[in-house]
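Chains as they are written, first to last, in full-length UniProt numbering: chain A, 1 to 996; chain B, 1 to 434.
By construction, the Cβ of each residue, glycine as well, lies at the ideal position given by its N, Cα and C atoms.
Treat the numbers as computed from the prediction; the structure is a model and nothing was measured.
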Amino acid sequence: MRVKLLSLCMLWLSFSVFSQEYFPKNDGVKTSKNSYTAFTNAKIYVTPTEVLENATLLIQKGKVIAAGTSIEVPDNSITINLEGKYIYPSFIDIYSEFGVEKPKRQRSSGPQYDASRKGYYWNDHIIPDQDAVNKFKFDTNKAKELVENGFGVVNTHIADGIVRGSGVLVALNSEANNSERILEQKSSQFLSFDKSAASNQSYPTSLMGAMALLRQLYHDADWYAKGNADNKDMAIEALIKNQELPQIFDAGNNKLNALRANKIGNEFDIKYIIKGSGYEYERIDEIKNLNSPLIIPLNFPNAYDVTDPYQASKVSLSDMRQWNQAPTNLSVLSSNNISFALTTAENKKVSEFKSNLMKAIEYGLAPEIALAALTEVPAKLLGKSDEMGSLKNGTHANFLITSGPLFEKSTTLYENWVQGQKHIINNMNIKDIRGDYNLKVNGTEYNLSIKGKIESPSIEIKKDTLKIASKLEYNNGWVNVFFAPETDGSKTYTRLTTKVTKSDNLNGSGVLANGTSVNWYATKTSDFESKKKQDKNEVQPKVFPVSFPNKAYGFKNTPQQETILFKNATVWTNENEGVLKNTDVLVKNGKIAEIGTSLSSNEARVIDATGKHLTTGIIDEHSHIAADAINEAGHNSSAEVNIGDVVNPDDINIYRNLSGGVTTIQILHGSANPIGGRSALIKLKWGGSAEDMLIDNAPKFIKFALGENVKQSNWGTTQTIRFPQTRMGVEQVFTDYFQRAKEYKESWNNYNQLSRRAKANSKAPRYDIEMETIAEIINKERFISCHSYVQSEINMLMKVADNFNFNVNTFTHILEGYKVADKMVEHGVGGSTFSDWWAYKYEVKDAIPYNAAIMHDAGVTVAINSDDAEMSRRLNQEAAKTIKYGGVSEEDAWKFVTLNPAKLLHLDDRIGSIKKGKDADLVLWSDHPLSIYAIAEKTMIEGTVYYDYETMQEMQNSINTERNELINMMIAAKNNGMKTQAPVKKEEKHFHCDSL
Amino acid sequence: MKKTILNIAACVFAITSIMAQQTPAPKQSKSILIMNATAHLGNGEVIENSLIGFKDGKLSLVADATTSKLDQQAYDEIIEAAGKHVYPGFIACNATLGLVEIDAVRATDDEDEIGGMIPNIRSLIAYNAESQIVESMRPNGVLMAQITPRGGRISGTSSVVQLDAWNWEDAAIKVDDAIHLNWPNSFTRGRWWLGEDPGMKPNKKYPEDLDDVVSFINEAKAYLKGDQTPRNLPYEALSGLIDGTQKLYIHVDGEKEILDAINFSQENNIKIVIVGGRESYKVADMLAENNIPVLVGRPHSLPAGEDTNVKQPYKLAALLTEKGVLVSIDPSGSMERMNTRNLPFYAGTFAAYGLNKEQAIALLTLNAAKILGIDDLAGSLEIGKDATLFISEGDALDMRTNKLSKAFIQGRDISLESHQTELYHRYNSKINGK
């Protein structure tokens with residue numbers, strides 16, 4: 001056995017293209033190879049667009065010497081005649097995990113807040129110092145799979161961590177060793193939003209935390225590079241070095257993460273190469289605006305198995321549409337002139353990648369774009385255009401030999417040469433026996449047709465027009481045919497065999513079903529024709545149009561701003577005028593243009609509002625919908641994170657909120673820590689992008705929190721090590737951070753006052769996003785909305801704020817506000833509360849539904865909020881409860897969900913009442929808006945109607961029709977033998993304050 | 001005068017002993033007449049100007065004031081209620097009041113016993129009649145409830161109580177009224193910790209799970225036919241179900257599961273009630289045909305999925321009622337105990353989306369009483385039934401006007417104060433001088 005291994009080893013060495021010339025040699029004499037190999041008479045794709053007919057490719061020592069039509073072949077050449085065959089550059093996978101094992105997830109019994117590594121960055125998930133080359137082990141099996149599907153080079157990396165360190169560029173040359181096939185030891189740097197499995201360090205627990213961490217890291221690297229740091233940080237040093245490399249960012253499966261990664265890149269002037277989700281077509285305009293090169297995976301979802309109608313009913317329209325639309329992704333990208341490379345990263349098998357690519361071509365992707373995405377584009381992105389990705393002089397001799405056009409089903413890939421080393425995939429010398437024949441066996445004539453692939457053809461035998469069960473085997477130059485001559489189903493077979501010769505006809509011997517030996521003759525009547533050409537006019541598969549967002553109730557055509565005249569409504573102005581009966585309101589250019597009686601307008605769409613109520617849109621001061629993350633729980637302060645980074649405009653709850661008359665919300669960070677993150681103030685412009693929804697020049701807010709959640713009372717018994725664990729500690733957290741922020745600002749002020757020369761001679765303070773944010777609070781540039789319950793802590797935070805000379809803006813929840821309402825008035829803080837929630841935890845034992853009324857009567861600006869995707873749809877009813885509990889007047893109760901939250905959000909100059917010049921954010925109600933019987937009929941934001949009760953009902957019908965059509969298409973796909981997956985009911989994520 | 005003194009005494013008592021519960025009202029000793037209110041009888045009928053009389057805890061007069069002669073002298077106390085509304089006490093089916101006090105405090109949690117098939121577990125004996133949450137129901141008109149254990153496959157046995165009592169024994173209206181079964185789900189959540197997709201996928205074990213239920217019932221049947229030794233408490237607890245004196249409340253949402261449950265009830269000759277029934281509207285005809293009532297999930301829930309009509313949960317009661325199904329409301333869900341006081345507004349929401357107001361009232365009154373099997377003594381304002389009723393300033397299904405001035409349980413004039421109203425009075429006085 002040992003001997004055998006040794007000899008294998010030697011065989012392998014002798015095949016090596018290169019010799020390591022300065023290595024001692026003890027196994028024989030030195031054998032240098034300087035001869036050329038010439039591939040002649042081929043159709044050569046030097047690049048996807050530079051195609052040479054009847055040309056020659058000349059290679060030597062693993063490199064392309066020349067490709068052209070008038071190449072002189074040197075004497076010392078091996079010549080291979082490729083008449084009728086094609087040569088392409090072999091493929092590059094720019095995003096690979098080839099040969100690099102990921103670390104396994106570490107289990108831990110409790111939380112870990114500090115980094116495990118010493119001498120490196122403070123966060124274990126920042127690992128720029130790790131180099132894939134150190135972990136790289138050539139994986140022969142995977143290499144074989146890749147080579148068989150046309151790949152020659154992969155750019156592989158350790159797919160672990162937020163900054164993942166450098167990748168390594170490897171040629172898939174299984175006959176060489178690492179000294180030859182490693183093309184670039186540090187080819188690129190990889191990044192992602194996902195934490196390392198190797199560490200349990202908590203921070204960041206969220207997407208927005210990962211984004212904040214990256215930003216801080218870039219600031220720190222800049223500061224460090226300028227020599228400001230006293231300590232040594234090997235991670236930052238590695239990052240600084242790696243910054244020169246191409247930066248490849250894995251944006252993961254979240255459709256919106258490509259935009260998020262790009263946003264960070266823009267802030268720091270870094271052009272990321274972004275690996276997308278595969279669903280770029282859904283918001284192609286935004287993707288186009290990135291102006292960023294992309295890497296696209298090709299894992300199309302399988303059809304759902306929807307034959308069981310009950311199970312089918314659980315699959316969402318958006319999931320079914322993805323199955324239908326995903327194959328168009330590449331053609332949509334390409335028709336928008338967006339440059340992309342392709343990756344096999346998300347395919348379990350490389351063959352699946354290839355079949356999906358064929359499918360993408362079927363759905364309109366041009367083959368030359370597909371080829372570019374696998375050759376030219378990745379080479380360019382890696383800065384290696386001179387070395388790979390084409391067959392220009394001097395590039396690695398990485399190329400494919402095929403029987404025909406690369407992306408046609410009937411084409412055979414014969415050989416994949418990597419670094420001048422031949423890898424045979426299919427025998428090139430195999431004779432093409434495909435075509436139509438006239439078959440004669442024992443006096444009977446049949447029509448025989450051989451089709452499919454050259455190396456594995458299939459057969460069809462017909463007697464007259466009747467199809468006969470038959471099978472063909474074609475191995476090592478021999479053909480065996482079996483068929484049932486009788487059509488009566490009797491299981492007897494005629495067996496024929498022959499050796500394939502130069503002749504086009506097949507003649508041989510065989511055995512009849514009854515055992516009699518016979519001779520047979522198959523005379524070729526016509527050659528095989530690629531089916532592709534005949535089927536050019538084949539109907540393209542039906543693709544449903546994308547809607548915005550691309551799911552149920554999305555808009556096929558986004559609604560437009562209108563001039564609208566509401567006639568004869570009961571108008572709740574929220575101004576001194578109070579509630580006006582029989583009043584008209586004119587909306588123009590997104591604003592309230594006029595309020596009065598007998599208004600008219602030529603251009604306006606008139607809506608008869610007789611018997612109906614018109615109000616300003618509801619504002620939810622405390623919402624957690626429309627976000628991909630809510631809590632960054634990894635630190636006790638996370639002022640650096642921003643919900644604005646993770647707004648999700650596709651959340652169906654936006655539409656559901658509109659159906660309840662909500663037009664504006666504050667998406668607050670959760671309450672996992674005393675100092676939370678920054679808020680996003682959005683208008684619910686359903687169908688728009690996150691950027692469309694974010695309110696321009698919105699006042700800045702941050703979430704604070706007190707009590708059980710921040711001291712982790714209900715987090716489980718292991719969560720007892722993060723400070724604070726008591727209300728006593730909570731106070732200290734605030735005092736500490738405010739003091740530090742104050743000192744931080746002072747140190748910057750001092751530094752900024754230095755002369756240029758003095759600056760050069762002293763160290764700059766470190767730019768700290770968290771401290772910058774907290775300093776904004778002290779400077780009254782950012783407002784606090786603080787999650788709060790019991791009176792002691794409410795009182796405490798007001799005192800802390802007093803000490804730092806600012807006001808708390810809003811206490812949210814504030815369920816014991818009624819106990820300290822006088823102190824709140826004195827401090828000047830508003831209260832945004834629940835109407836009647838209580839008893840869900842100990843600190844809400846004394847929560848009473850009269851809270852709003854008592855605070856209101858005391859002079860506090862009171863709002864009623866939801867903190868809940870369900871309740872937010874009926875905040876009008878929640879406001880009405882304050883009439884029952886405490887006798888608030890109807891007009892004041894209505895302001896609790898409109899004008900007052902506008903005031904608390906410092907947006908009351910724009911929204912919150914029906915006043916000339918304010919934003920036309922309006923709701924038309926069927927009934928008194930505080931009545932349980934009121935239904936929101938129309939919800940408008942800035943003059944655009946985003947929700948209409950009747951339209952919603954119509955949409956419901958078209959959803960059902962489209963679902964039904966898609967289900968039928970999926971059943972047809974299943975019947976055609978396509979792979980299916982079990983139906984999945986999507987789980988909606990609903991966040992509350994304490995959702996982690 | 002005497003009454004005034006008593007009231008002052010009550011106030012002082014309330015202020016000085018803030019942590020104590022309201023004292024249950026004593027037995028009705030005086031006959032009472034409510035005059036000129038709009039009476040919503042609970043059976044769909046309305047008397048615009050009514051006379052409602054009751055003594056010894058029972059209704060003795062339900063009449064139209066415009067057509068009936070009245071002997072005012074026959075009553076010890078007369079309540080003039082013109083412009084106000086009278087309703088039968090609202091009934092919460094499938095509630096967990098008194099089983100948990102504070103959700104996040106484990107020590108106060110008594111709703112879910114361990115074990116899969118535990119019909120022998122009885123909610124009644126854990127029902128805390130002095131719960132602060134229970135007393136917060138009454139000011140909204142919720143005066144009776146079916147107290148139901150949660151969890152497991154067969155969770156246990158419920159009982160029906162009235163919500164003004166010294167202890168569970170006094171509270172009980174119908175002891176051990178029904179058994180509760182959480183029907184298996186034909187979909188199951190992916191085990192994400194094993195690397196599976198966390199979404200819901202078809203449950204391959206569904207038939208097996210169903211079989212477990214059927215086997216358990218069959219084993220109980222066999223046991224009950226024999227000499228019953230050695231004693232088996234769970235099987236014994238099914239005897240009422242098997243002899244037809246108890247109903248089985250099947251907690252189930254999916255269309256397929258509901259059909260399976262109907263089939264199960266027919267094959268095993270068991271009377272059932274569907275609880276939750278999110279997709280019950282898809283099989284409404286079948287439910288009506290088989291006289292199977294539904295406690296519809298509370299309308300304050302989100303639609304089942306992205307594709308579902310945005311208003312679907314609001315429409316469910318009407319979709320079933322119009323097909324002839326007997327419907328009441330299931331208040332279960334997140335923060336269900338404290339939210340149970342919102343039952344009137346759940347009904348109001350159903351009225352906004354398809355039911356007429358009297359139909360919506362019936363959900364919480366006569367329909368509920370029929371489903372629970374207490375319609376001989378509760379659920380409507382009819383002579384001979386318990387005088388469990390309340391007077392509201394206006395429409396009790398609307399938050400703005402649900403303001404109770406009086407409530408009676410079995411004729412007892414109960415307190416409408418609570419821990420919450422006491423805090424209100426105390427701090428409204430401190431802060432606003434009111």
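**OP:** Spell out whether any CB of chain A is found under 8 Å from the CB atom of residue 300 of chain B.
**Re:** yes
Original post:
From A:235, A:910, A:874, pick the residue whose C-alpha is nearest to that of residue 894 of chain A; which is it?
Top reply: A:874
Subject >> DSSP three-state assignment for residue 163 of chain A, whether helix, strand or coil >> reply: strand
**OP:** Please check the pair residue 87 of chain A and residue 388 of chain A, which I expect to be a contact at CB under 8 Å, by giving their CB distance rounded to whole angstroms.
**Re:** Between residue 388 of chain A and residue 87 of chain A the Cβ distance is about 15 Å, and since that is not below 8 Å, they are no contact.
Original post:
With which residues is residue 416 of chain A paired in a DSSP beta bridge?
Top reply: A:400, A:423
Original post:
In terms of residues, what are the limits of the beta strand (DSSP E) holding residue 27 of chain A?
Top reply: Unbroken run through residue 27 of chain A: none, as it is neither H nor E.
Subject >> Near-chain B residues of the region 905 to 939 of chain A (beta-carbon distance less than 9 Å), N- to C-terminal order >> reply: 926, 927, 928, 930, 931, 932, 933, 934, 935
**OP:** Residues of the region 420 to 431 of chain B with a CB closer than 7 Å to any CB of chain A: list them in chain order, please.
**Re:** 420, 423, 424, 427, 428, 431
Subject >> Helix, strand or coil at residue 429 of chain B [DSSP, three-state] >> reply: helix
**OP:** Starting from residue 351 of chain A, trace the beta strand (DSSP E) both ways and give me its first and last residue.
**Re:** Not the beta strand (DSSP E): residue 351 of chain A falls in the alpha helix (DSSP H), residues 350 to 362.
Subject >> Chain-ordered neighbours of residue 846 of chain A on chain B, where CB pairs are closer than 7 Å >> reply: 423
Original post:
Can you name the residues that DSSP bridges to residue 297 of chain A?
Top reply: A:343
Original post:
Taking buried to mean at least 16 other C-beta atoms within 10 Å of its own C-beta, is residue 693 of chain A buried or exposed?
Top reply: buried
Original post:
Which one or two residues does DSSP pair with residue 671 of chain A in a beta bridge?
Top reply: None, per the DSSP bridge assignment.
**OP:** With DSSP collapsed to three states, give me the class of residue 437 of chain A.
**Re:** strand
Original post:
With a cut-off of 8 Å, do at least 3 Cβ pairs link the region 126 to 144 of chain B to the region 96 to 111 of chain B?
Top reply: yes
Original post:
Among residues of its own chain, excluding the 5 on either side of residue 220 of chain B, which ones have a beta-carbon nearer than 6 Å to its beta-carbon?
Top reply: 235, 238
**OP:** Determine the DSSP secondary structure at residue 221 of chain B, reduced to helix, strand or coil.
**Re:** helix
**OP:** Compile a chain-ordered list of the residues in the region 393 to 412 of chain B whose CB is closer than 9 Å to at least one CB of chain A.
**Re:** 395, 397, 398, 399, 400, 401, 402, 403
Original post:
residue 580 of chain A and residue 706 of chain A: beta carbons closer than 8 Å?
Top reply: no
Subject >> As assigned by DSSP and simplified to three states, the class of residue 736 of chain A >> reply: helix
Subject >> residue 137 of chain B at chain A interface by Cβ criterion, 8 Å >> reply: no
Original post:
Which bits of chain B does residue 798 of chain A rub up against, with CB to CB less than 7 Å?
Top reply: In chain order: nothing, as chain B lies at least about 16 Å away.
Subject >> Nearest neighbour of residue 260 of chain A, chosen from A:849, A:104, A:691, A:410 [CA to CA] >> reply: A:691
Subject >> Proximity test, Cβ basis, 8 Å: residue 3 of chain B and chain A >> reply: Note that residue 3 of chain B has pLDDT 42, beneath the 50 cutoff, so the model's placement of it is unreliable and the number below is only indicative. Cβ-Cβ to chain A under 8 Å: no for residue 3 of chain B.
Original post:
Under 8 Å Cβ-Cβ, which residues of chain B neighbour residue 842 of chain A?
Top reply: 102, 104, 105
**OP:** Would you please verify whether the beta carbon of residue 97 of chain A is less than 8 Å from any beta carbon of chain B?
**Re:** no
**OP:** Provide the residue span of the beta strand (DSSP E) that contains residue 378 of chain A, from first to last.
**Re:** Counting along the chain, residue 378 of chain A falls outside any beta strand (DSSP E), though it belongs to the alpha helix (DSSP H) covering 376 to 381.
Original post:
So, is the C-beta of residue 351 of chain B closer than 8 Å to a C-beta in chain A?
Top reply: yes
Original post:
Under three-state DSSP, which class holds residue 200 of chain B?
Top reply: strand
Original post:
What is the C-beta distance between residue 1068 of chain A and residue 661 of chain A, in whole angstroms, given that I count them as a contact (C-beta under 8 Å)?
Top reply: Residue 1068 of chain A lies beyond the stretch modelled for chain A, which goes from 1 to 996, so this question has no answer here.
Original post:
What did DSSP end up calling residue 190 of chain B once you bin it into helix, strand or coil?
Top reply: coil
Subject >> 8 Å Cβ cutoff met for residue 647 of chain A and residue 208 of chain A >> reply: no
Original post:
Which residues, in chain order, does the region 69 to 88 of chain A contribute to contact with chain B at a C-beta distance below 9 Å?
Top reply: none
Original post:
If residue 394 of chain B and residue 85 of chain B are in contact, beta carbons under 8 Å, what's the gap, nearest whole angstrom?
Top reply: 6 Å
Original post:
How would you list, in chain order, the residues of chain B whose beta-carbon sits under 8 Å from the beta-carbon of residue 317 of chain A?
Top reply: 306, 307
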